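Sequential numbering from 1367 applies to the sequence shown in this note's numbering.
Idealized CB from N, CA, C, for every residue including glycine.
Bear in mind that the values here come from a model prediction, so they are computed numbers and not experimental data.
Read through the structure below, which is laid out as structure tokens, and then see the notes.
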Amino acid sequence: MQHLRVKIIASIGPSSGSPEVILRLAELGVSGFRINFAHGEPSLWREWAEYVREAERKTGRPLALIGDLVGPSIRLGRVKNPIKLNAGDRAEFRCVEESEGGDTKIIPLPVRRVYEVLDEGDLIVMDDGRVRLRVLEVSGYSAIVEALTPATITSRKAIAIRGKDPGLPTLSQRDVEHVKFALDNGFDYIALSHVRTRDDVDALRLIVLREGGDAGIAVKIENKSAVENLQDIIRAADLVVVARGDLGMTYGLEEVPVLQERIVAAARSVGKPVIVATQLLESMIENPVPTRAEVTDVYVAVRQGVDGLMLTGETAIGRYPIEAIRWLRKIITRAEQVLHIERYTPKDKRWAYAASIVETAEKLSAALILVYSITGSLPPWIAASRPMVPVVIGTGSPQRARRLAVLWGLDVRIVEAGGYEEGLAKLEDVLSEEGLLSEGDVIVEAYRETEHKQVIVVKRVFKGLT
Ligand SMILES: Nc1ncnc2c1ncn2[C@@H]1O[C@H](COP(=O)(O)OP(=O)(O)O)[C@@H](O)[C@H]1O
Ligand SMILES: C=C(OP(=O)(O)O)C(=O)O
Ligand SMILES: [K+]
Ligand SMILES: [Mg+2]
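Right under this line is the structure:
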């Protein structure tokens, strides 16, 4: 399967939560799987995580598992039967864990804080903006609303009150439980929903460390505070997610492309990996083929130089999870043939070293860049340099390999070795066997032994002489 540079992350849900589908998605080049802890429960997530590790064993490729925290998102309780509203219909929010739903038109919203800040005239937005409700009356812990749009309301949907942040804690006790669950089950990234400040990132980092875990932290930029504190948050993060669903609810939709451009540029300018999520191929939830607007949306994201693209509903509850990935692959493949991704100048010594490796390889028209990494610190800077020469990263640690799997252009292999030289030699053997390396190829090999010894080797492959 031809190697994509932009990586694909698929959300797992009822449509894809089976060993067969997850294996199929991995074979189609999905590098990371996301589980949204706002839906379902731990026993199901554990099963899904096991299917991902099974797919990893079968495909021989490291896969990143991303656990997405509920965070301070305000979510409905359990709606036993979908509530269908026509524009103009009334419904009632009640502070209860669940409701019959259906014709009762009682929407369970078990978040007391919301009723305390809600006022008549407020606009409530839900389901990535598809549902808009006007507040008519608030009394105690209930509120009467009028549907401004036709609406189908189902369980655990996130809501936003336009212009208000009820100020729920970024990390609740439930989130701390979910962090423990994710670390116990070997998740590689933990995604911090609705991050507001860099202190939120530090707080999560502290919990991960206290639990003895090693997961990376993905920050989901989806509200006004995150946009205001963007630089600090990005600096503290391992991975940046442009969470366009909630972003489009807290801002107007017309702001989404403006913010996406800004967030992607802010992350890339400091060499941080960034992925764009949500509604990329939304119509494929119902249809086997995307719209032209969606194909162009993906093309634009590739041109902006994102590290990855994340599908949410398309693979979680869509009718065509596998076709959605096929289409995403097809669009990315074509875009990468015609686009030249613009680069940012390194601001960091390590980045400058990585950029010089890439430049050497490009100037010599090398066939491959091979890097062996023990700490995993050099590869992200190679990815940040957006090399046009294919890159293969070898590392002995499955955890390191999985975290690197979602970074731009990195073809990551798990190779046990006693040191850098041995690791590179083994990597050469593996790639020769795969036919990715042939006699006479010029390759550039690199490793960063210490701050003071950073090695770049240019060599021509002679099987007999290696
Ligand atoms: N694990 C899951 N189980 C059931 N439904 C899910 C799951 N993950 C996602 N979904 C459905 O797909 C929709 C879009 O997925 P996503 O964007 O991850 O969720 P949300 O926007 O609610 O955080 C969700 O609103 C929910 O209806
Ligand atoms: C990815 C996102 O977060 P969630 O789906 O968890 O709300 C989003 O809001 O786009
Ligand atoms: K979430
Ligand atoms: Mg969100």
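When DSSP labels each residue in this structure, what does residue i get in the three-state scheme?
i, result
"residue 1764", "helix"
"residue 1713", "coil"
"residue 1547", "helix"
"residue 1676", "strand"
"residue 1754", "coil"
"residue 1617", "coil"
"residue 1813", "strand"
"residue 1603", "coil"
"residue 1597", "helix"
"residue 1853", "Coverage of the chain is limited to positions 1367 through 1832, which leaves residue 1853 absent and any answer about it impossible."
"residue 1553", "coil"
"residue 1626", "helix"
"residue 1434", "strand"
"residue 1804", "coil"
"residue 1498", "strand"
"residue 1590", "helix"
"residue 1792", "helix"
"residue 1786", "helix"
"residue 1822", "strand"
"residue 1512", "strand"
"residue 1683", "coil"
"residue 1372", "coil"
"residue 1665", "helix"
"residue 1446", "strand"
If residue i sits next to residue j, beta carbons under 8 Å apart, how far is it from one beta carbon to the other, in whole angstroms?
i, j, result
"residue 1701", "residue 1669", "7 Å"
"residue 1602", "residue 1567", "4 Å"
"residue 1457", "residue 1513", "7 Å"
"residue 1525", "residue 1440", "5 Å"
"residue 1554", "residue 1637", "Going by Cβ atoms, the distance from residue 1554 to residue 1637 rounds to 19 Å, so no, they are not a contact pair."
"residue 1429", "residue 1384", "Not quite, the Cβ-Cβ distance comes to about 16 Å (not below 8 Å), so this is no contact."
"residue 1753", "residue 1727", "7 Å"
"residue 1671", "residue 1374", "Not quite, the Cβ-Cβ distance comes to about 16 Å (not below 8 Å), so this is no contact."
"residue 1639", "residue 1606", "7 Å"
"residue 1679", "residue 1698", "Going by Cβ atoms, the distance from residue 1679 to residue 1698 rounds to 19 Å, so no, they are not a contact pair."
"residue 1534", "residue 1579", "The pair is not a contact, with the Cβ atoms about 24 Å apart (cut-off 8 Å)."
Which residue from the options puts its Cα closest to that of residue i?
i, options, result
"residue 1622", "1601, 1661, 1645", "1645"
"residue 1666", "1527, 1436, 1694", "1694"
"residue 1476", "1449, 1568, 1445", "1445"
"residue 1737", "1411, 1461, 1812", "1812"
"residue 1438", "1536, 1488, 1418, 1499", "1536"
"residue 1798", "1600, 1733, 1764", "1733"
"residue 1461", "1468, 1469, 1474", "1474"
"residue 1337", "1501, 1498, 1419, 1628", "Any property of residue 1337 remains undetermined from this structure, which presents the chain solely from 1367 to 1832."
"residue 1466", "1770, 1443, 1484", "1443"
"residue 1519", "1557, 1464, 1449", "1449"
"residue 1589", "1691, 1740, 1558", "1558"
"residue 1740", "1639, 1712, 1760, 1751", "1760"
"residue 1543", "1597, 1556, 1828", "1556"
"residue 1747", "1774, 1676, 1755, 1478", "1774"
"residue 1816", "1729, 1825, 1716", "1716"
"residue 1809", "1723, 1772, 1750, 1789", "1723"
"residue 1692", "1658, 1654, 1800, 1563", "1654"
"residue 1318", "1431, 1472, 1435", "There is simply no residue 1318 to check, as the chain begins at 1367 and stops at 1832 in what is shown."
"residue 1406", "1517, 1433, 1394", "1433"
"residue 1402", "1395, 1416, 1376", "1376"
"residue 1768", "1404, 1560, 1390, 1423", "1423"
"residue 1687", "1394, 1772, 1371, 1506", "1394"
"residue 1617", "1633, 1587, 1634, 1642", "1587"
*Are the stretch 1529-1545 and the stretch 1493-1513 touching, with three or more C-beta to C-beta distances below 8 Å?*
No, they do not touch.
*So does the stretch 1696-1711 actually touch the stretch 1778-1786, counting three or more Cβ pairs closer than 8 Å?*
Contact fails between the stretch 1696-1711 and the stretch 1778-1786, because fewer than three Cβ pairs, one in each stretch, are under 8 Å apart.
*Is the stretch 1672-1683 in contact with the stretch 1380-1393, if contact means three or more CB pairs nearer than 8 Å?*
Contact holds: three or more Cβ-Cβ distances are below 8 Å.
*Closer than 5 Å from C-beta to any heavy atom of ligand 4: which residues, in chain order?*
The set, ordered by position in the chain, is 1588, 1609, 1611, 1612.
*Evaluate the contact criterion for the stretch 1753-1771 versus the stretch 1404-1416: three or more CB pairs, one atom per stretch, below 8 Å.*
Contact fails: fewer than three Cβ-Cβ distances are below 8 Å.
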